[in-house]
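J.:
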Amino acid sequence: MNAPDSLQTSNATVTSHETQAAAGYNFAYLDEQTKRMLRRALLKAVAVPGYQVPFASREMPLPYGWGTGGIQVTAAIIGANDTLKVIDQGSDDTTNAVNIRRFFARTTGVATTRHTREASIIQTRHRIPETPLTEKQILVYQVPMPEPLFRLEPRVAECKKLHALSDYGLISVELYEDIVQHGSIATTYDYPVTVNGRYLTSPSPIPKFDNPKLHMNAALQLFGAGRERRIYAIPPYTPVKSLDFDDHPFEVQRWEHACALCGSRESFLDEMIVDDAGKRMFVCSDSDYCHERRANDDAIDDANVDTIDAHATTEPATHAGEHA
Amino acid sequence: MYVAVKGGERAIEASWRLLDEARRGDTRVPELSVAQIREQMRLAVARVMAEGSVYDEELAALAIKQAAGDLVEAIFLLRAYRTTLPRFGYTEPVETENMVVERRISATFKDVPGGQVLGATYDYTQRLLDFALLAEGDDAAGHAPRASREAPPEEPMPRVLALLDKEGLIEQETRSPEAREPGDLSREPLAFPADRTVRLQNLARGDEGFLLAMGYATQRGYSHTHPFAGEIRFGSVSVEMVLDELDEAVEIGEIELTECQMINQFAGAKDVPPKFTQGYGLSFGHAERKAMAMALVDRALRAEELGETLASPTQDIEFMLSHSDNVEASGFVQHLKLPHYVDFQAELELVRRLRAEHEQGVDADAQNEEAA
Numbered sequence: 016m017n018a019p020d021s022l023q024t025s026n027a028t029v030t031s032h033e034t035q036a037a038a039g040y041n042f043a044y045l046d047e048q049t050k051r052m053l054r055r056a057l058l059k060a061v062a063v064p065g066y067q068v069p070f071a072s073r074e075m076p077l078p079y080g081w082g083t084g085g086i087q088v089t090a091a092i093i094g095a096n097d098t099l100k101v102i103d104q105g106s107d108d109t110t111n112a113v114n115i116r117r118f119f120a121r122t123t124g125v126a127t128t129r130h131t132r133e134a135s136i137i138q139t140r141h142r143i144p145e146t147p148l149t150e151k152q153i154l155v156y157q158v159p160m161p162e163p164l165f166r167l168e169p170r171v172a173e174c175k176k177l178h179a180l181s182d183y184g185l186i187s188v189e190l191y192e193d194i195v196q197h198g199s200i201a202t203t204y205d206y207p208v209t210v211n212g213r214y215l216t217s218p219s220p221i222p223k224f225d226n227p228k229l230h231m232n233a234a235l236q237l238f239g240a241g242r243e244r245r246i247y248a249i250p251p252y253t254p255v256k257s258l259d260f261d262d263h264p265f266e267v268q269r270w271e272h273a274c275a276l277c278g279s280r281e282s283f284l285d286e287m288i289v290d291d292a293g294k295r296m297f298v299c300s301d302s303d304y305c306h307e308r309r310a311n312d313d314a315i316d317d318a319n320v321d322t323i324d325a326h327a328t329t330e331p332a333t334h335a336g337e338h339a
Numbered sequence: 021m022y023v024a025v026k027g028g029e030r031a032i033e034a035s036w037r038l039l040d041e042a043r044r045g046d047t048r049v050p051e052l053s054v055a056q057i058r059e060q061m062r063l064a065v066a067r068v069m070a071e072g073s074v075y076d077e078e079l080a081a082l083a084i085k086q087a088a089g090d091l092v093e094a095i096f097l098l099r100a101y102r103t104t105l106p107r108f109g110y111t112e113p114v115e116t117e118n119m120v121v122e123r124r125i126s127a128t129f130k131d132v133p134g135g136q137v138l139g140a141t142y143d144y145t146q147r148l149l150d151f152a153l154l155a156e157g158d159d160a161a162g163h164a165p166r167a168s169r170e171a172p173p174e175e176p177m178p179r180v181l182a183l184l185d186k187e188g189l190i191e192q193e194t195r196s197p198e199a200r201e202p203g204d205l206s207r208e209p210l211a212f213p214a215d216r217t218v219r220l221q222n223l224a225r226g227d228e229g230f231l232l233a234m235g236y237a238t239q240r241g242y243s244h245t246h247p248f249a250g251e252i253r254f255g256s257v258s259v260e261m262v263l264d265e266l267d268e269a270v271e272i273g274e275i276e277l278t279e280c281q282m283i284n285q286f287a288g289a290k291d292v293p294p295k296f297t298q299g300y301g302l303s304f305g306h307a308e309r310k311a312m313a314m315a316l317v318d319r320a321l322r323a324e325e326l327g328e329t330l331a332s333p334t335q336d337i338e339f340m341l342s343h344s345d346n347v348e349a350s351g352f353v354q355h356l357k358l359p360h361y362v363d364f365q366a367e368l369e370l371v372r373r374l375r376a377e378h379e380q381g382v383d384a385d386a387q388n389e390e391a392a
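Residue numbers (the working numbering), protein chains in the order written: chain A, 16 to 339; chain B, 21 to 392.
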């Protein structure tokens with residue numbers, strides 16, 4: 016399945032020249048019976064928001080733990096007219112995102128894009144795009160551990176009971192112990208949420224910075240965990256609450272810096288060490304968001320010298336997005 | 021500098037080319053053919069077929085070649101292919117009692133009906149490197165006369181464990197009338213509690229190394245089950261399938277299997293007299309280590325149904341079945357190679373904040389002490 020990525024390095028949307036599935040394979044790789052099985056699980060997941068539906072996960076040509084759940088969900092819902100965006104850590108250019116996008120370009124021939132606004136399906140690992148999603152979009156999450164309780168109770172059979180009884184005392188105790196030990200809740204990503212006032216759910220390892228975007232999102236949010244064989248969903252406009260206490264309300268991360276490239280103070284920033292003296296710079300993790308802001312606004316000079324200490328960079332890459 | 025975080029399509033493509041070159045090695049050395057692997061690395065082929073869950077020697081050999089001999093990678097390749105195959109139906113249960121036996125031993129009786137057949141085994145080789153094989157063309161060297169191959173034993177080879185049945189000394193594997201049709205682990209998600217048919221399916225495609233280590237642990241006291249190798253047999257069995265058009269079972273081929281039945285002590289319970297119990301192992305191809313380890317683990321996992329004390333992870337069905345699959349395990353362990361910088365950034369922010377707060381706390385304490 017090694018095929019070149021049809022998405023060129025320019026910013027333009029490139030429609031694949033292939034119009035159908037790769038020779039010898041069904042459209043989107045999976046056979047129709049398997050897709051049907053997946054769609055049934057998806058329907059159930061949408062009907063019971065936040066509930067983990069077991070499904071007969073298949074071996075995929077990518078390894079377990081590398082997005083097989085998300086890939087199966089995407090394969091089950093993608094059609095010839097869809098436009099697909101794949102991100103990992105917020106970026107379209109990380110190797111695994113490139114690889115998954117290549118896989119679908121090869122097996123479906125659908126158009127792929129880097130632009131959040133243009134995509135009808137966005138498969139993601141570890142981030143929710145900064146650009147607000149619409150009712151016409153579906154966000155597919157790759158999930159490593161779907162069970163929000165697994166660190167507290169590794170037995171799946173036991174967790175099932177706890178969910179059935181809405182017995183979520185364990186996790187409250189854990190958060191409480193954090194506050195006692197550290198003065199605040201020490202969970203920074205994969206921060207547990209309650210979906211639709213019922214099921215305790217893992218948002219996948221997105222930073223808690225992204226948790227507010229789960230709430231009342233216009234897009235359908237689907238979660239696929241291939242290795243653990245679970246699918247769950249947050250339907251559009253579903254209330255999602257991050258766990259907290261009245262006297263310790265949920266908080267998201269904040270940075271003292273703005274993005275060195277686009278100057279955003281609202282987006283999630285990645286920290287980069289740029290030389291062996293420990294110089295660091297902060298840039299948006301969502302590469303499309305960052306690009307778009309820079310395209311819209313060339314006047315970014317005022318914000319791009321944000322520094323963490325005296326060693327900080329004074330030379331932000333002005334040609335970000337190009338290949339070395 | 022920003023480009024450093026971009027993987028780059030070109031880098032991936034360059035990596036494929038390097039991989040192809042690395043696999044091929046020195047081109048002055050003749051290329052290995054799939055047929056050579058199939059014929060001369062039969063034990064590797066057997067393992068890849070068993071854990072890859074497809075009985076196809078040629079594809080297993082191809083996978084080994086493509087994976088440059090990394091068997092777990094080869095198993096993954098075969099599984100990923102297997103998942104695209106349509107399911108035509110299910111064969112009749114294979115009858116291992118009618119196996120055309122190439123090797124059959126029992127450690128519990130000196131002689132058994134049908135006899136002990138040593139066959140091809142490494143068991144009694146002295147593990148001395150055979151430098152004759154180092155010389156090119158061991159066929160030409162002809163240092164060993166070809167073994168005279170006796171005609172396969174004519175006499176029937178009943179299972180050793182069946183012989184103990186007459187006294188009722190050992191439980192027999194019989195299908196209970198109320199038993200449901202076995203599930204299909206490749207089509208249904210693994211769910212707990214898992215009955216024995218599901219467990220055996222899981223173990224049959226489980227990682228040999230995992231089963232070996234866990235089986236070994238049961239021998240060292242982590243669930244002591246006092247095993248005896250009741251019987252180990254290797255040979256070929258015919259596979260039959262009922263075809264709708266013909267409405268009867270038709271032989272569709274032959275496969276090689278290794279079967280192991282372990283005999284284990286059982287102290288008995290309030291309503292059951294003491295007797296022997298069984299652990300069962302079965303694997304494609306010649307794979308005695310795998311079949312024996314599987315039988316040990318199978319028996320350990322029966323602790324709950326036999327009313328034994330659960331004291332070890334080797335008896336914990338969920339623990340064992342959830343971690344036996346090397347395609348899953350290898351993928352998840354190695355996914356740590358994927359970027360995690362978003363989550364790491366979130367943790368960095370937290371640790372920096374906690375350290376700052378800690379420092380403030382220390383300073384405040386110091387001031388308080390000075391004041392006091």
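No residue lacks a Cβ here, since even glycine has one placed at the ideal position from N, Cα and C.
Can you have a look at Gly13(B) and say buried or exposed, based on whether 16 or more other CB atoms are within 10 angstroms of its CB?
T.: Given that chain B is displayed from residue 21 to residue 392, the structure contains no residue 13(B) and the question cannot be resolved.
J.: Roughly how many whole angstroms lie between the Cα atoms of Gly89(B) and Arg58(B)?
T.: Cα-Cα distance, rounded: 12 Å.
J.: Quick test of your reading: Ala66(B) and Phe304(B), contact by CB under 8 Å. State the CB separation rounded to the nearest angstrom.
T.: Confirmed, Cβ separation roughly 6 Å.
J.: Strictly under 8 Å for the Cβ-Cβ distance: is Val255(A) near chain B by that measure?
T.: Taking Cβ atoms only, chain B never reaches closer than 8 Å to Val255(A), which makes this a no.
J.: Pull up the CB-CB distance for Thr128(B) and Val74(B), whole angstroms please, since I reckon it's below 8 Å.
T.: That pair is no contact at about 34 Å.
J.: Along chain A, in chain order, which residues have C-beta atoms closer than 7 Å to that of Tyr438(B)?
T.: The structure shown does not extend to residue 438(B), since chain B is modelled only from 21 through 392, so no value can be given for it.
J.: Quick one: which residues of the stretch 65-79 of chain A get their C-beta closer than 9 Å to a C-beta of chain B? List them in chain order.
T.: Residues passing the 9 Å Cβ filter: Pro69, Phe70, Ala71, Ser72, Arg73, Glu74, Met75, Pro76, Leu77, Pro78, Tyr79.
J.: Per DSSP, what kind of secondary structure is Glu389(B) in: helix, strand or coil?
T.: Note: Glu389(B) maps to helix in three-state DSSP.
J.: Mind checking the stretch 213-243 of chain A against chain B and listing, in chain order, the residues whose C-beta falls within less than 8 Å of any C-beta there?
T.: Answer set for the stretch 213-243 of chain A: Pro220, Ile221, Pro222, Lys223, Phe224, Arg242.
J.: May I ask you to list the residues that DSSP assigns as paired with Phe304(B)?
T.: Beta-bridge pairing links Phe304(B) to Leu277(B).
J.: For the alpha helix (DSSP H) containing Ser342(B), list its first residue and its last residue.
T.: Ser342(B) -> alpha helix (DSSP H) spans 337-343.
J.: Taking all protein chains shown into account, decide if His378(B) is buried (16 or more other Cβ within 10 angstroms of its Cβ) or exposed.
T.: His378(B) should be labelled exposed.
J.: Could you tell me which chain B residues have their CB closer than 8 Å to the CB of Asp46(A), listed as they occur along the chain?
T.: Under the 8 Å cutoff, chain B gives Thr104, Pro106.
J.: Per DSSP, Leu180(A) forms a beta bridge with which residues?
T.: Bridge partners of Leu180(A): none, in fact.
J.: Output needed for Glu279(B): all residues of its chain with C-beta closer than 6 Å, excluding positions within five of it in sequence on either side, in chain order.
T.: Correct list, in chain order: Thr116, Arg253, Leu302.
J.: Could you tell me which residues DSSP puts in a beta bridge with Ala55(B)?
T.: Answer is none; Ala55(B) lacks a bridge partner.
J.: Give me the chain B residues within the contact set of Ser300(A), using Cβ-Cβ distance strictly less than 9 Å, ordered along the chain.
T.: Neighbours of Ser300(A) on chain B, chain order: Tyr361, Val362, Gln365.
J.: In whole angstroms, what is the alpha-carbon distance linking Met177(B) and Ser258(B)?
T.: Between Met177(B) and Ser258(B), the C-alpha separation is close to 16 Å.
J.: Quick check on Gln138(A) - is its C-beta less than 8 Å from some C-beta in chain B?
T.: By this cut-off, Gln138(A) is not an interface position.
J.: Taking C-alpha atoms, which residue in His355(B), Ala31(B), Asp345(B), Ile32(B) lies nearest to Ser206(B)?
T.: Answer by Cα proximity: Asp345(B).
J.: Run through the stretch 69-124 of chain B for me and flag every whole alpha helix (DSSP H) of 4 or more residues, listed as ranges in chain order.
T.: Entirely contained in the stretch 69-124 of chain B, the alpha helix (DSSP H) runs reaching 4 residues are, in chain order, 77-86, 91-102.
J.: If we count the other Cβ atoms within 10 Å of its Cβ and call it buried at 16 or more, is Ala31(B) buried or exposed?
T.: Burial call: exposed.
J.: Indicate whether at least one CB of chain B lies closer than 8 Å to the CB of Arg110(A).
T.: The identity of residue 110(A) in the sequence shown is Thr, whereas the question assumes Arg. Chain B, which has a Cβ nearer than 8 Å to the Cβ of Thr110(A), makes this yes.
J.: Which residues mark the beginning and the end of the beta strand (DSSP E) in which Asp285(A) is found?
T.: Run containing Asp285(A): 284-288, per the beta strand (DSSP E) assignment.
J.: Note down, in chain order, every chain A residue with its Cβ under 7 Å from the Cβ of Val347(B).
T.: Result: Glu74, Tyr79.
J.: Please classify Pro147(A): is it buried, with 16 or more other beta-carbons within 10 angstroms of its beta-carbon, or exposed?
T.: The residue in question, Pro147(A), is exposed, as its Cβ has fewer than 16 Cβ neighbours within 10 Å.
J.: Measuring only the C-alpha atoms, how far is Ala233(B) from Val208(A)?
T.: Rounded to whole angstroms, Ala233(B) to Val208(A) spans 39 Å at the Cα level.
J.: Can you list, in chain order, the residues of the stretch 195-215 of chain A whose Cβ is nearer than 7 Å to any Cβ on chain B?
T.: Against chain B - using a Cβ distance shorter than 7 Å - the residues of the stretch 195-215 of chain A are His197, Gly198, Ala201, Thr203, Tyr204.
J.: Suppose contacts are defined by Cβ-Cβ distances below 8 Å. Is Ser243(B) in contact with Ala315(B) by that definition?
T.: Their beta carbons are not under 8 Å apart, which means Ser243(B) does not touch Ala315(B) by this criterion.
J.: Report the neighbours of Gln268(A) on chain B: residues whose CB is nearer than 7 Å to its CB, in chain order.
T.: What Gln268(A) touches in chain B: Ala366, Glu369.
J.: Verify the CB distance criterion: does Arg203(B) have a CB-CB separation below 8 Å to chain A?
T.: A small fix is needed here, since residue 203(B) is Gly in this sequence, not Arg. Taking Cβ atoms only, chain A never reaches closer than 8 Å to Gly203(B), which makes this a no.
J.: Quick one: Cα of Leu79(B) to Cα of Val54(B), how far?
T.: About 9 Å.
J.: Alpha carbon to alpha carbon, what distance is there between Ile186(A) and Ala112(A)?
T.: C-alpha separation (whole angstroms): 32 Å.
J.: Against chain A, with Cβ distances strictly below 8 Å, would Gly226(B) count as a contact?
T.: Not one chain A Cβ lies under 8 Å of Gly226(B).
J.: Taking only beta-carbon atoms, is Arg207(B) less than 8 Å away from chain A?
T.: Yes, Arg207(B) lies at the interface with chain A (some Cβ there is under 8 Å from its Cβ).
J.: Do you know how far the Cα of Leu58(A) is from the Cα of Asp143(B)?
T.: One C-alpha to the other measures close to 55 Å.
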